[in-house]
Structure formats: structure tokens, C-alpha cells
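Visitor: Just so you know, we're using the numbering used here here: the sequence shown kicks off at 17 and counts up by one.
For every residue, glycine included, the Cβ atom is placed at its ideal position computed from N, Cα and C.
Below: one structure in C-alpha cells.
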Amino acid sequence: MTPAKAAREVQARVASLSPALRSAAIAWLQAEPELAAALGRDNSALDDGKNSYAPMEFARNSLHGIPYFLKDLFDFAGVPTRAGSTFLDQVRPTPTRDSKIVRQLRLAGAACAGKTHLVEFASGLTGENPHYGDCPHPRFPDRLTGGSSSGSAALVAAGVVPLAIGTDTGGSVRVPAAWCGLYGFRMTPGDALVRDAFPLSHAMDTAGWFTAHAGDMLTVCQTLAGYAPARADLRGCFLPMRTLLPNADAATALASDAAAARLCEPADAATQGDLLAPWREAVDAYLTIGMSEAHAVHHDWLAPYRKHYDPLIWQRFTDAGAFPAEKITKARDVQKGIWESWRQFFFNYDFLVLPAVPGPAPRKAECTPELRRNILTLTAPASLGGHPVLTVPLPLPSGLTAGLQVILPVANSPVVPWVLNQ
């Protein structure tokens with residue numbers, strides 16, 4: 017499409033969304049003339065003001081003319097960042113500089129079409145938000161998208177744009193990618209693309225993105241994560257879902273194991289034992305570390321802005337302030353054990369495949385603490401290990417979807433093109 021036609025098409029597709037989906041997904045929409053101008057601009061010669069982020073040396077202009085949406089944890093100059101809340105813009109000034117990931121996407125030729133809502137302050141996995149509405153699944157509106165990158169996943173799944181940016185701390189790209197039938201990628205904690213995002217957990221936050229198609233995911237990964245040619249000698253294995261969640265949804269377990277078996281063999285008993293033993297306390301360690309770091313971010317706002325928080329989020333962050341030091345120390349020790357389990361694993365293997373979700377996209381009544389814990393049982397090991405993850409969609413017999421996590425030692429792994437070309 018020409019830039020003008022593409023900008024007009026984005027506006028038309030947004031207008032065609034149901035009011036509930038539009039409210040829950042879109043935090044800010046770029047005006048059509050400004051988006052058209054951005055889509056037509058050649059930014060390949062722009063100087064970031066610093067040394068360019070390394071992958072861009074390979075892929076300048078690789079996304080030329082592509083509109084994308086940006087999770088509202090990242091800054092876009094002149095637009096308030098609210099992080100799914102109603103008050104962050106009151107305690108944090110409107111940004112005057114774009115986040116790093118925005119600048120990198122501009123160098124690649126992509127243009128920001130708008131910003132997306134999320135679970136308040138990125139602390140949730142099912143896509144619920146009392147301020148802007150729970151995010152409905154674009155194809156099954158009685159179910160939710162998953163979160164916390166709910167709006168970003170919804171807009172790609174609805175076909176509004178081919179690319180949207182999210183973040184992933186405990187599964188916030190992996191879960192909505194799986195439930196919305198998308199490809200998702202999470203990067204590495206602390207890398208340049210996430211350092212200036214509004215944080216949930218400094219130690220575990222990662223940047224990430226969604227696409228509807230494998231080829232698009234490969235292009236974006238090569239642009240933002242770096243290029244590595246596929247290899248035929250890659251070695252991986254998978255853990256059957258029932259080894260992690262004995263009571264997992266039967267159809268999801270069957271489909272997940274069958275899809276994983278097309279990529280690799282099941283892990284042998286010794287490998288399973290070496291991984292699962294240190295993972296037994298992964299969920300509690302993740303919640304302890306993540307929520308204690310979130311409390312530190314929000315400490316000064318919890319009392320004066322209590323009525324503005326989602327009560328559930330407020331309680332999580334407040335309770336974390338009372339964690340005893342020994343609880344946090346124990347969680348850090350558990351994390352060290354998980355780091356070591358991954359180090360040993362990647363000494364012998366190139367990737368590990370796990371299910372991404374315990375079942376299909378839930379209805380509101382199914383968004384329980386038990387569901388949250390079951391999700392984290394699958395996602396927390398990679399989060400605590402700090403590893404990149406490619407999520408691959410998995411169709412279920414019902415027409416709903418689940419997904420596979422392909423866990424990697426590094427973001428520019430040759431596993432990425434190999435899997436996406438399968």
C-alpha cells in the first residue's frame with residue numbers, strides 16, 4: 017500500500033473493532049496524516065545519537081512502511097505513558113524522548129500507529145483491566161486475550177496491524193500469543209530495548225513482539241534480535257505437559273506434546289530430573305522477586321493513590337512490601353539454582369520446548385488464582401533464568417489455540433529461523 021492508503025486502512029480497521037475491544041486495546045491512536053507521513057519517510061540515515069543497536073547494522077529499512085502498535089509501557093515523545101493505569105501521567109511527566117525500541121523501529125522503517133492498553137502496571141496474565149475494560153479475544157469475545165500485553169496481541173490477532181510491541185516478565189508475550197494464535201518473541205532482561213520501559217520487575221522485564229505469520233516474525237527477529245542462519249545440527253528436547261502440570265487440560269496437553277514431538281525428542285529421564293528438581297519452587301520465587309521489585313517501584317504511590325489502583329494490583333504490591341528478608345533471600349537462592357539448571361542444559365542442547373499455557377483462552381470466571389499459578393508453572397522457569405523465548409501458535413480441535421515455548425540460550429539463536437521455517 018502507499019503510505020496514505022496504509023494509514024487510512026489502519027484507521028478503518030480500528031473503526032471496525034467492537035467498542036469493547038477498541039476501548040480495552042487502544043490507549044492512543046496516531047492521527048492519519050501523521051501516520052501517513054511517518055510510513056513514507058526514509059529513516060535509514062537517521063543517527064540515534066549513540067552507537068546503533070547492533071542488529072540494526074544488518075537490517076536498516078527492513079520494516080519500511082510497516083505500521084505497528086506499542087505497549088503503553090514504552091515512551092513515545094509527546095504522548096503520556098499510563099501503563100494501563102489512570103494516574104501514572106500525574107506522577108510522571110509526559111515523555112519528551114522516544115524509548116529505544118521506538119527509535120530502533122524507526123530506523124528499520126516502521127511507524128508507530130498508536131499505543132495499547134495492558135493489565136494495569138503489567139501485573140497480570142489474563143488481560144483484565146477495570147479502568148479500560150477486560151480485553152476480549154477478537155475471535156471469541158466471550159473469552160480474554162491474556163496479558164499483560166493484551167492490547168498489543170488483540171490488535172495483531174484482529175488484523176489491524178502486522179506487528180505490535182509488548183513486554184514479557186512472567187509470560188506477558190507468551191500467554192497472549194498462545195491464546196490469540198500468534199507468534200511471539202521475548203528478548204533478554206536488561207537489554208537495551210527494555211531498559212527505558214516503565215518497569216514491573218527490573219530483574220526480569222523483557223521487550224517482545226507479536227506477529228500473525230512466521231515470515232513476519234523472522235523478519236522482526238532479524239531486525240531487533242539479530243541474524244543467525246538456520247542450522248541442521250540443532251539439538252533440542254521437550255518436556256511433556258503432564259510432567260509439569262499433571263491436571264492440565266487434556267486436549268491442550270495432547271496437542272502440545274504432539275506439536276513438540278515434531279520439533280524434537282522428549283527429554284530423557286536424567287534431563288527431566290535435572291530441570292524439574294530446581295523448578296519446584298519457581299513460581300513462589302518468581303512472585304517473591306517480581307512483586308518485591310514492583311513494590312519498590314510503587315512504594316511512594318501506594319498510599320496517596322490507593323483509590324486509583326486496581327484493588328487486586330494494589331494488594332499485590334502492598335503485600336510485597338511486607339516480605340521478610342529471608343523470604344527474598346530464599347527466592348534469590350532458588351533463582352540461582354534455576355540459572356545453574358539452564359547453564360547445564362544449554363551445555364548439551366540448543367533449545368527446550370515447553371507448553372506456553374495450560375489450556376485455551378479463558379472466560380472471565382475462569383481467571384482464578386489457580387489459573388495464574390498454572391500459567392506461571394510453565395513460564396516462570398524461563399523468566400527466572402532470563403532466557404529469550406519464541407512462542408509458536410498451536411491450533412486446538414475446538415478452534416481455540418494454545419502455544420509452545422521454544423526456550424533459547426540467546427536471542428539471535430539459529431533455532432529461531434529453523435523453527436519458523438518448519
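What residue from SER414, ALA23, ARG108 and SER39 has the CA that sits closest to ASP316's CA?
Guide: ARG108
Visitor: Find the nearest neighbour of ASP335 within the set HIS311, SER357 and GLN46, judged by alpha-carbon distance.
Guide: HIS311
Visitor: Can LEU179 and VAL236 be called in contact, C-beta distance under 8 Å?
Guide: yes
Visitor: Please go through the same chain and pick out, in chain order, the residues whose beta-carbon is closer than 6 Å to the beta-carbon of THR287, but skip the five residues on each side of it.
Guide: none
Visitor: Just mark HIS314 as buried or exposed, buried being the case when its beta carbon has 16 or more other beta carbons within 10 Å.
Guide: buried
Visitor: If you drop the 5 nearest sequence neighbours on each side, which residues of the same chain put their C-beta closer than 8 Å to that of ALA377?
Guide: HIS153, PHE156, ARG159, LEU160, THR161, GLY162, TRP195, CYS196, LEU416 and THR417
Visitor: From what residue to what residue does the beta strand (DSSP E) around THR418 run?
Guide: Note on residue identity: the sequence assigns Ala, not Thr, to residue 418. Counting along the chain, the beta strand (DSSP E) containing ALA418 begins and ends at 417-423.
Visitor: What do you get for ASP326, buried or exposed, if any count of 16 or more other CB atoms within 10 angstroms of its CB means buried?
Guide: That one is buried.
Visitor: Tell me the rounded alpha-carbon separation between ALA319 and ASP58.
Guide: Cα to Cα, the separation comes out at about 47 Å.
Visitor: Give me whichever residues DSSP pairs with GLY182 in a beta bridge.
Guide: Per DSSP, GLY224.
Visitor: Could you have a look at THR18 and say whether DSSP puts it in helix, strand or coil?
Guide: Note: THR18 maps to coil in three-state DSSP.
Visitor: Please look up how many angstroms separate the CB atoms of PRO409 and GLY419, rounded, as I've assumed it's under 8 Å.
Guide: 5 Å
Visitor: Which same chain residues, not among the five before or five after PRO205, have their C-beta less than 7 Å away from its C-beta?
Guide: ALA219, MET220, ASP221, THR222 and GLY402
Visitor: Excluding the 5 residues flanking GLY56 on each side, which residues of the same chain have their C-beta closer than 6 Å to its C-beta?
Guide: PRO19
Visitor: Under the rule that 16 or more other beta-carbon atoms within 10 Å means buried, what is ASN67, buried or exposed?
Guide: With a pLDDT of 46 at ASN67, under the threshold of 50, the modelled position of that residue is not reliable, and no figure is offered here.
Visitor: Which of the three DSSP states, helix, strand or coil, is assigned to LEU121?
Guide: helix
Visitor: At what residues does the alpha helix (DSSP H) containing THR259 begin and finish?
Guide: 257-260
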